[in-house]
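**Q** My questions will all concern the structure given below.
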Amino acid sequence: MQIDLIDIHKSFGPVYANKGLNLTFSSGKIHGILGENGAGKSTLMKILSGFFKADRGEIHLDGKPVTIHSPADAIQYGIGMLHQDPLDFPPMPVLDNFLMGARGGLFPDRRRARKEFLDLSRQFGFDIDPANYVDALTVGERQQLEILRLLWLGVEVLILDEPTTGISAAQKKKLFITLRKLASEGKTIIFVSHKLEEVGELCDRVSVLRAGELVGEMNPPFDNNRLIAWMFGKPVVKQEQQRVQPGEDVIELRHVALEDYRLKMNDINVKVRSGEVIGLAGMEGSGQALFLRACAGLLRPVGGEILIHGESMTGQPYRSFLRRGVAYLPASRLEEGLVPGLTLMEHFSLIDGNRGLFINQKQAMETCNQRIQEFNIHGRATSPVESLSGGNQQRALLALLKNPLSLILLEHPTRGLDIESTIYIWSKLKARCRDGAAIIFISSDLEEILSYSDRILVFFSGQVSDPLESDSTTVEELGELIGGRGWQKVATSQE
Amino acid sequence: MEKKLTSRWMNLGLQSLSILAALLFTTVVLLLSGAPPLQAYRQLIIGMVGSLDNVSNILVAWMPLLITTAGLLVTFAAGLWNIGIEGQITLGAVFTTWVLRSLQDSPMPAGIILALAILAGMLGGALWASLAGVLKTFGGVNEIFGGLGLNFVASALVLWLIYGPWRRPGVASLSGTVAFPERLSLPTLPNMSISLWSLLLGAISVAIIYILLRGTYIGLKLKAIGKNIRAAYILGVRTWQYMMLSFAVCGLFAGLAGAIQVTAVFHRLLPYITSGYGYLGLLVAMLANYQAILIAPITLFYAGLNIGGIQLPIALKLDSSLSGVLQGVLVLFVLLGEGVRQRFTRRA
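Those protein sequence lines, which keep their order, are chains A and B.
Each residue of the first sequence is one higher than the last, beginning at 1 in my numbering.
Each residue of the second sequence is one higher than the last, beginning at 1 in my numbering.
Next up, the structure:
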């Protein structure tokens with residue numbers, strides 16, 4: 001099936017995710033879509049698969065304009081999407097999952113479905129027991145199940161959103177073979193990724209998105225340097241930064257192993273000294289968030305040891321990390337950082353550490369107003385935090401940091417903020433460094449990483465690079481590492 | 001400013017509309033059951049304020065409902081649905097009865113026995129509530145299911161006591177245990193059923209909850225947990241400890257309500273000693289939008305409906321459950337009105 005996307009626009013509040021995108025996908029081909037986080041890839045694919053509705057623009061299937069109202073609708077048109085996180089039902093058996101979304105009356109013909117499932121599996125060389133439960137499968141197997149399900153539903157277009165995250169090398173190989181086979185049968189494959197290697201290996205054509213716009217398209221052979229330049233935009237200008245003379249060790253990770261349901265990280269060894277700023281680079285979901293949460297005491301390592309000021313924190317609860325001066329500022333400000341429904345003043349009272357029963361409202365008001373002034377928060381003591389703008393919420397979070405601190409951990413400290421707020425926030429953070437705190441932060445903005453870090457750790461699929469001196473690192477090098485190239489030189493940890 | 005004012009007027013309008021809709025719905029129910037609606041409402045009002053006795057009975061019913069609702073505000077603040085409240089009232093009544101039974105023949109002054117019995121009731125409620133809390137925090141059992149299960153256990157316990165160890169000599173029956181001597185009841189006003197002590201306990205309860213939720217660190221932390229437990233945890237609030245505390249505090253008040261049911265209302269242990277005030281309290285708390293200030297008038301009105309309904313079977317041969325219909329429907333329509341408002345304002 002040939003798909004034409006014409007002038008697709010989509011915004012979420014003030015944020016533009018897609019700005020007038022024009023793309024064409026033709027049958028029998030594997031199309032790659034490249035772009036960094038927030039480039040608008042997922043949004044576009046969700047529009048095509050009926051998850052979102054475009055604000056403006058048209059979708060043509062084989063030349064005919066269509067309106068897709070829901071994912072079920074999309075499947076009727078023959079478009080199926082494999083989401084980044086498997087959207088299946090772990091507590092249910094494989095066969096029930098397979099039947100999900102199928103039409104066929106009140107009583108599904110399970111026997112026939114089982115037979116067809118096994119036939120399809122054999123065709124692609126998959127080996128999944130239909131009686132097994134989904135939560136017993138690996139991410140790769142769940143993906144295979146989902147592909148089979150969509151094919152069984154008669155899908156002609158298969159969209160895969162970052163399908164290689166969290167699956168083994170063998171499963172990846174099998175996935176690629178499957179995708180090539182499907183393309184040769186005339187199906188349209190859309191492969192969304194940020195991994196240059198994979199796109200280069202698999203795709204017949206690549207489109208690069210940046211900030212909601214199409215920057216360029218390329219046919220093989222691919223010129224990686226140009227693709228990187230397209231993905232990250234203008235050459236990054238490094239700002240002159242003031243360094244703080246590093247002091248003693250604040251945190252040390254020794255042979256730390258971390259894992260969640262899709263990522264395993266082994267043998268991480270890092271030492272951070274007071275006054276240092278460490279930037280964590282990598283595509284979202286490459287392991288940097290796990291790393292940061294482990295440093296905060298919110299995620300227990302499955303192996304190794306974390307030391308703070310030379311003291312082992314193994315088995316210690318989050319509160320012990322807090323007591324030792326560790327602070328964690330999550331990326332989702334209103335989900336994890338602040339309490340919507342409480343005012344600024346109530347937030348300051350919440351953390352003021354007073355042991356009494358009654359809140360001294362007058363004093364709380366004074367403290368709050370003082371912080372509001374000091375951190376230049378546009379809001380009043382009685383403003384509920386959710387009424388503040390993103391930048392002011394971030395300032396409020398900074399204002400909530402205790403003093404003194406030894407380690408500040410930040411996820412995307414300036415995401416969604418304007419230049420002025422960004423500069424302001426980093427001036428406050430740098431002041432903390434001069435007071436002896438170490439900072440570790442995640443950012444998807446390479447410019448921010450290069451401008452503010454002393455050293456950089458790059459994450460890729462759960463691997464962590466050796467610390468790179470930011471002075472001697474170029475944006476090209478970073479871009480390649482983030483895309484999974486050139487790891488022989490820098491990798492210390494292997495899966 | 002102007003926008004705020006219009007939205008306030010809109011709120012008021014919607015709320016009046018909800019109440020009207022509730023009345024309309026109840027009227028339809030009345031018509032369907034073949035009863036004259038105006039007559040029924042008239043009798044309901046007579047049942048409420050027709051005589052001094054009736055008013056006094058309303059006050060009697062008001063206090064346990066008020067105290068229960070006050071307690072529920074604490075668990076609601078922490079974002080918890082304490083459905084187990086019925087069992088907590090029941091256990092309060094059981095503990096109170098237990099102390100009264102054990103001490104009724106002792107030479108101790110009645111005042112001290114009563115004080116001990118009420119304290120024991122509060123303890124009983126708190127223990128039962130803590131059980132739901134332990135199930136939630138350590139067993140991963142949602143407080144709704146845990147509480148519901150514990151409610152069944154509590155009513156089974158009461159039945160067993162009434163038919164077993166605490167049965168009346170000779171006949172064990174649903175009419176409960178032997179009534180306590182009058183000196184073991186909270187002293188009432190002359191010729192009236194209401195006790196000033198019970199009014200006083202009610203007033204103190206509401207005052208405590210109001211201050212707790214408004215002016216203390218405990219209240220603030222509970223609110224933070226209720227609104228965003230994840231952020232509260234990351235900001236350093238001891239989340240499960242405070243959730244346990246909120247269960248225990250709510251249980252204290254539920255137990256107190258149970259103690260009052262025994263010492264000021266029924267003077268014995270009955271199978272249905274809670275009078276359903278636990279569930280009713282949940283409704284009232286929602287209706288009051290979890291504001292301590294509002295629960296006093298609303299519980300008074302609801303107690304009035306309960307007492308007024310008694311008049312219906314006598315005068316119109318209608319079942320007294322009509323009050324229950326009105327009570328329930330009122331909550332539904334007010335919540336519906338709130339839902340409509342939110343949809344409306346989001347659109348705008």
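Note that the Cβ used here is the ideal one computed from N, Cα and C, for glycine as well.
Give a yes or no on whether 8 Å exceeds the smallest Cβ distance from A/LEU350 to chain B.
**A** Translated into positions along the first sequence, residue 350 of chain A becomes position 350. It does: the Cβ of A/LEU350 has a partner Cβ on chain B nearer than 8 Å.
**Q** Just to check my reading of the structure: A/ASP55 and A/LYS10 have Cβ atoms closer than 8 Å, yes? What is that Cβ distance to the nearest angstrom?
**A** The residue given as residue 55 of chain A occupies position 55 in the first sequence. The residue given as residue 10 of chain A occupies position 10 in the first sequence. So it is a contact: roughly 5 Å between Cβ atoms.
**Q** For A/LYS264, list the residues DSSP reports as bridge partners.
**A** Working through the first sequence from its first residue, we reach residue 264 of chain A at position 264. In DSSP, A/LYS264 forms a bridge with A/GLU259.
**Q** Does any residue of chain A have a CB that is nearer than 8 Å to the CB of B/LYS221?
**A** The residue given as residue 221 of chain B occupies position 221 in the second sequence. For B/LYS221, the answer is yes, since a Cβ of chain A falls inside 8 Å of its Cβ.
**Q** 8 Å is my cut-off, CB to CB: does B/ALA224 come that close to chain A?
**A** For the purposes of this step, residue 224 of chain B is identified with residue 224 of the second sequence, where counting begins at 1. Taking Cβ atoms only, chain A reaches closer than 8 Å to B/ALA224, which makes this a yes.
**Q** Within its chain, find whatever has a CB closer than 8 Å to the CB of B/PHE333; leave out the 5 residues flanking it on each side and keep chain order.
**A** Counted from its first residue, the second sequence places residue 333 of chain B at position 333. Closer than 8 Å at Cβ, skipping near neighbours: SER18, ILE19, ALA21, ALA22, PHE25.
**Q** When the Cα of B/GLY337 is compared with those of B/SER321, B/LEU287, B/ALA154, which residue comes out closest?
**A** Counting from one through the second sequence, the residue named residue 337 of chain B turns up at place 337. Among B/SER321, B/LEU287, B/ALA154, the Cα nearest to that of B/GLY337 belongs to B/LEU287.
**Q** Please state if the CB of A/VAL250 and the CB of A/ALA431 are separated by a distance shorter than 8 Å.
**A** For the purposes of this step, residue 431 of chain A is taken as residue 431 along the first sequence, with counting starting at 1. For the purposes of this step, residue 250 of chain A is taken as residue 250 along the first sequence, with counting starting at 1. Cβ atoms of A/ALA431 and A/VAL250: not closer than 8 Å.
**Q** Please report the distance separating the alpha-carbon of B/LEU186 from that of B/SER175.
**A** Translated into the one-based positions of the second sequence, residue 186 of chain B becomes position 186. Translated into the one-based positions of the second sequence, residue 175 of chain B becomes position 175. The straight-line gap from Cα to Cα measures roughly 21 Å.
**Q** Can you name, in chain order, every residue of its own chain whose Cβ lies under 8 Å from the Cβ of A/ARG490, other than the five neighbours on each side?
**A** Residue 490 of chain A sits at position 490 when you count from the first residue of the first sequence. Looking at the sequence shown, residue 490 of chain A is not Arg but Val. Excluding positions up to five away in sequence, the list reads VAL458, SER465, ASP466, LEU468, LEU481.
**Q** For A/ASP435 versus A/PRO404, is the C-beta spacing smaller than 8 Å?
**A** Along the first sequence, read from residue 1 onward, the residue named residue 435 of chain A stands at position 435. Along the first sequence, read from residue 1 onward, the residue named residue 404 of chain A stands at position 404. In contact: A/ASP435 and A/PRO404 (Cβ atoms closer than 8 Å).
**Q** Determine the closest residue to A/ASP267 out of A/PHE291, A/ILE278, A/ILE6, with distance taken between C-alpha atoms.
**A** Sequence index remark: in the first sequence, residue 267 of chain A carries index 267 (1-based). Out of A/PHE291, A/ILE278, A/ILE6, A/PHE291 has the C-alpha closest to the C-alpha of A/ASP267.
**Q** Where B/GLY304 and B/ARG42 are concerned, what is the direct C-alpha to C-alpha distance, given to the nearest angstrom?
**A** Mapped onto the second sequence, residue 304 of chain B falls at position 304. Mapped onto the second sequence, residue 42 of chain B falls at position 42. Taking the straight line from one Cα to the other gives about 13 Å.
**Q** What residues are listed by DSSP as bridge partners for A/GLN463?
**A** Your numbering for residue 463 of chain A matches position 463 in the first sequence. According to DSSP, which records beta bridges pairwise, A/GLN463 is partnered with A/PHE460.
**Q** If I'm right that B/TYR302 touches B/LEU73 with Cβ under 8 Å, what's the distance once you round it to whole angstroms?
**A** Numbered from 1 along the second sequence, position 302 holds the residue referred to as residue 302 of chain B. Numbered from 1 along the second sequence, position 73 holds the residue referred to as residue 73 of chain B. Not really, about 15 Å apart at Cβ, beyond 8 Å.
**Q** Would you say A/PRO330 faces chain B, with C-beta separation under 8 Å as the test?
**A** The residue you call residue 330 of chain A lines up with position 330 of the first sequence. Interface residue, yes.
**Q** So is A/LEU450 buried or exposed if we call it buried at 16+ other beta carbons inside 10 Å?
**A** Taking the first residue of the first sequence as position 1, residue 450 of chain A is located at position 450. Under this definition A/LEU450 is a buried residue.
**Q** Going along chain A, which residues have a C-beta under 8 Å from B/THR216?
**A** Residue mapping note: residue 216 of chain B aligns to position 216 of the second sequence, counting from 1. LEU357, PHE358, ILE359, listed in chain order.
**Q** Hey, could you find the ends of the alpha helix (DSSP H) B/GLY176 is sitting in?
**A** Within the second sequence, residue 176 of chain B is the residue found at index 176, counting from 1. B/GLY176 -> no alpha helix (DSSP H), and no H or E assigned at all.
**Q** Looking at the unbroken beta strand (DSSP E) that takes in A/HIS496, where does it start and where does it end?
**A** Look at the range of chain A in this structure, 1 to 495, and you will see that residue 496 of chain A is not part of it.
**Q** Where does the unbroken beta strand (DSSP E) through B/TYR290 begin, and where does it stop?
**A** On the second sequence, residue 290 of chain B is found 290 positions in, with the first residue counted as 1. Premise fails: B/TYR290 is in no beta strand (DSSP E) and is neither H nor E.
**Q** When you compare only the Cα positions, how much space is there between B/ARG214 and B/ILE67?
**A** Numbered from 1 along the second sequence, position 214 holds the residue referred to as residue 214 of chain B. Numbered from 1 along the second sequence, position 67 holds the residue referred to as residue 67 of chain B. Those two C-alpha atoms are separated by around 17 Å.
**Q** Taking only runs of the alpha helix (DSSP H) that begin and end inside the stretch 37-64 of chain A, which ones reach a length of at least 4 residues, in chain order?
**A** Within the stretch 37-64 of chain A, the complete alpha helix (DSSP H) runs of at least 4 residues are 41-48.
**Q** In terms of residues, what are the limits of the beta strand (DSSP E) holding B/TYR198?
**A** In the second sequence, residue 198 of chain B corresponds to position 198, counting from 1. The sequence given here has Ser at residue 198 of chain B, not Tyr. B/SER198 -> not in any beta strand (DSSP E); alpha helix (DSSP H) instead, spanning 196-215.
**Q** Taking the runs of the alpha helix (DSSP H) that are 4 residues or longer, which of them lie wholly in the stretch 148-185 of chain A?
**A** Counting whole runs of 4 or more residues, the stretch 148-185 of chain A contains the alpha helix (DSSP H) stretches 169-184.
**Q** Taking a contact to mean a Cβ-Cβ separation below 8 Å, would you say B/ARG101 touches B/TRP166 in this structure?
**A** Reading the second sequence from its first residue, position 101 is the one you call residue 101 of chain B. Reading the second sequence from its first residue, position 166 is the one you call residue 166 of chain B. Their beta carbons are under 8 Å apart, which means B/ARG101 touches B/TRP166 by this criterion.
**Q** Ignore the nearest five residues each way along the sequence and tell me which others in A/VAL236's own chain have a CB closer than 7 Å to its CB.
**A** To locate residue 236 of chain A, count along the first sequence from 1; it is residue 236. At A/VAL236, the pLDDT of 48 sits below 50, so the modelled position is not reliable and the matter cannot be decided from this model.
**Q** Please return the same chain residues whose Cβ sits closer than 8 Å to the Cβ of B/ARG268, not counting the five positions on each side in sequence.
**A** Numbered from 1 along the second sequence, position 268 holds the residue referred to as residue 268 of chain B. The residues are THR97, GLY176, THR177, VAL178, ALA179, PHE180, VAL262.
**Q** Comparing the C-beta of A/GLU386 with each C-beta of chain B, is any distance below 8 Å?
**A** Position 386 of the first sequence, counting from 1, holds the residue named residue 386 of chain A. A/GLU386 does not count as touching chain B.
**Q** Residue range of the alpha helix (DSSP H) that A/GLY536 falls in?
**A** No information on residue 536 of chain A is available, as it lies outside the stretch 1 to 495 that chain A covers here.
**Q** Report the rounded CA-to-CA distance for B/LEU52 versus B/LEU199, giving the unit in angstroms.
**A** Translated into the one-based positions of the second sequence, residue 52 of chain B becomes position 52. Translated into the one-based positions of the second sequence, residue 199 of chain B becomes position 199. So the alpha carbons of these two residues sit roughly 17 Å apart.
**Q** Does any residue of chain B have a CB that is nearer than 8 Å to the CB of A/PRO340?
**A** Position 340 of the first sequence, counted from the first residue, corresponds to residue 340 of chain A. Output row for A/PRO340: interface = yes.
**Q** Check B/THR75 in the structure and name its three-state DSSP category.
**A** In the second sequence, the residue the question calls residue 75 of chain B occupies position 75. If DSSP states are grouped into helix, strand and coil, B/THR75 belongs with the helices.
**Q** So, does the CB of B/VAL237 fall closer than 8 Å to a CB anywhere in chain A?
**A** Indexing the second sequence from 1 puts residue 237 of chain B at position 237. Yes, because at least one Cβ of chain A sits closer than 8 Å to the Cβ of B/VAL237.
**Q** Curious, which full-length alpha helix (DSSP H) runs of at least 4 residues does the stretch 32-120 of chain B contain?
**A** Qualifying alpha helix (DSSP H) stretches, in chain order: 37-49, 52-77, 85-103.
**Q** Give the single residue among B/ARG8, B/GLU143, B/MET63 whose Cα lies nearest to the Cα of B/LEU300.
**A** Stepping through the second sequence from its first residue, residue 300 of chain B is reached at position 300. Nearest option by C-alpha distance: B/MET63.
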